[in-house]
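Quick note: the sequence shown uses this note's numbering, first residue 727, plus one each step.
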Amino acid sequence: MTLDTLKYGFNPATLPADPAADYWPPAVTHDLQQQDWAQTEVRSRIDLEAWQAFTADLPRDPYVNRRWKRMSWLTLDERDEVVDMGHCPMAQGGAFNDAESMADRLRYYEPLTPAFMARPDVKAFVRAWSRLWDLKPNEPILMQITGVRGEGMIDPLQGQGIHADGCKALSILVLSRHNVAGGDNHLYADKAGTSLLADTTLAPGDILHLRDDRLFHSVDGIHQEDAGAPFERFIIIINSRFVDAFQNQILRRHFPEAVLNETC
């Protein structure tokens with residue numbers, strides 16, 4: 727065990743032998759079945775402070791002003807090992823992303839770093855998340871570290887508003903939230919936002935699971951609580967089983983053997 731793990735109170739030896747066996751509280755599965763969303767925490771399962779450190783060297787998002795981002799395509803193989811699938815751009819059709827800077831475009835980002843992906847708690851998280859959604863070997867998983875920082879007011883969704891991401895399995899994990907006013911998450915039964923399902927403010931270590939093909943979500947604009955200091959909010963987005971035909975087309979081109987959601 728390293729000094730860092732002792733310092734931050736994190737002991738990898740406490741992880742269960744089966745990384746998914748006791749990872750999620752029973753209420754998570756129940757809530758997903760009953761209401762298509764669930765909220766819980768993972769700060770007790772990961773070294774949150776170590777994960778936060780990986781936001782420091784994120785490249786600027788070349789498509790969105792004042793956003794930073796890395797992303798990788800992952801999967802589990804037949805031995806339940808987390809595998810980096812390699813390069814593939816992100817693609818969202820206009821039906822799911824109507825922001826002018828992002829809709830119907832291929833977007834290229836730097837991958838998640840080897841140091842991050844080598845962490846046992848990262849691998850355990852990906853395995854447990856895959857088990858939660860009952861993913862099969864070789865189903866592509868998109869995992870992103872992304873976020874905003876700065877001063878003034880910013881729309882973290884860059885005009886997307888109430889939207890869906892074009893998949894069946896989606897989770898949002900907040901890594902850091904410093905000097906932030908706003909940034910509250912909202913869930914709706916319809917894209918017009920006439921049927922509000924839930925409001926929540928995710929703290930660092932909180933995770934929101936969504937059946938993205940059954941509901942819609944948004945997040946409020948962000949500004950500083952203390953006008954004399956910058957704000958920062960970084961998250962992990964992890965999703966799979968895409969219903970966006972554009973993304974599936976690009977996935978098939980780059981990963982011919984991948985198991986895709988063929989019902990879309």
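Every residue, glycine too, gets a C-beta built ideally from N, C-alpha and C. The structure displayed is predicted, hence computed values, not measured ones.
Exclusion of the five residues before and after residue 800 leaves 808, 809, 810, 811, 852, 867, 869 as the residues of its chain whose Cβ lies within less than 7 angstroms of its Cβ.
In this structure, the CA atom of residue 952 is about 47 angstroms from the CA atom of residue 803. Excluding the 5 residues flanking it on each side, residue 981 has same chain C-beta neighbours closer than 7 angstroms at 811, 814, 866, in chain order. Between residue 961 and residue 899, the CB-CB gap stays under 9 angstroms. Below 8 angstroms, too few C-beta pairs join the segment 857-866 and the segment 778-791 to call them touching: fewer than three.
In the DSSP assignment, residue 911 forms a beta bridge with 926, 945. Between residue 765 and residue 926, the beta carbon gap of about 6 angstroms places them in contact (Cβ cut-off 8 angstroms). With at least 16 other beta carbons inside 10 angstroms of its own, residue 909 counts as buried.
The alpha-carbon of residue 922 is positioned some 11 angstroms away from that of residue 888. Annotation note: the segment 818-874 contains the following uninterrupted beta strand (DSSP E) runs of length 3 or greater, listed N- to C-terminal: 831-833. Residue burial annotation: residue 983 is exposed, with fewer than 16 other C-beta atoms found within 10 angstroms of its C-beta.
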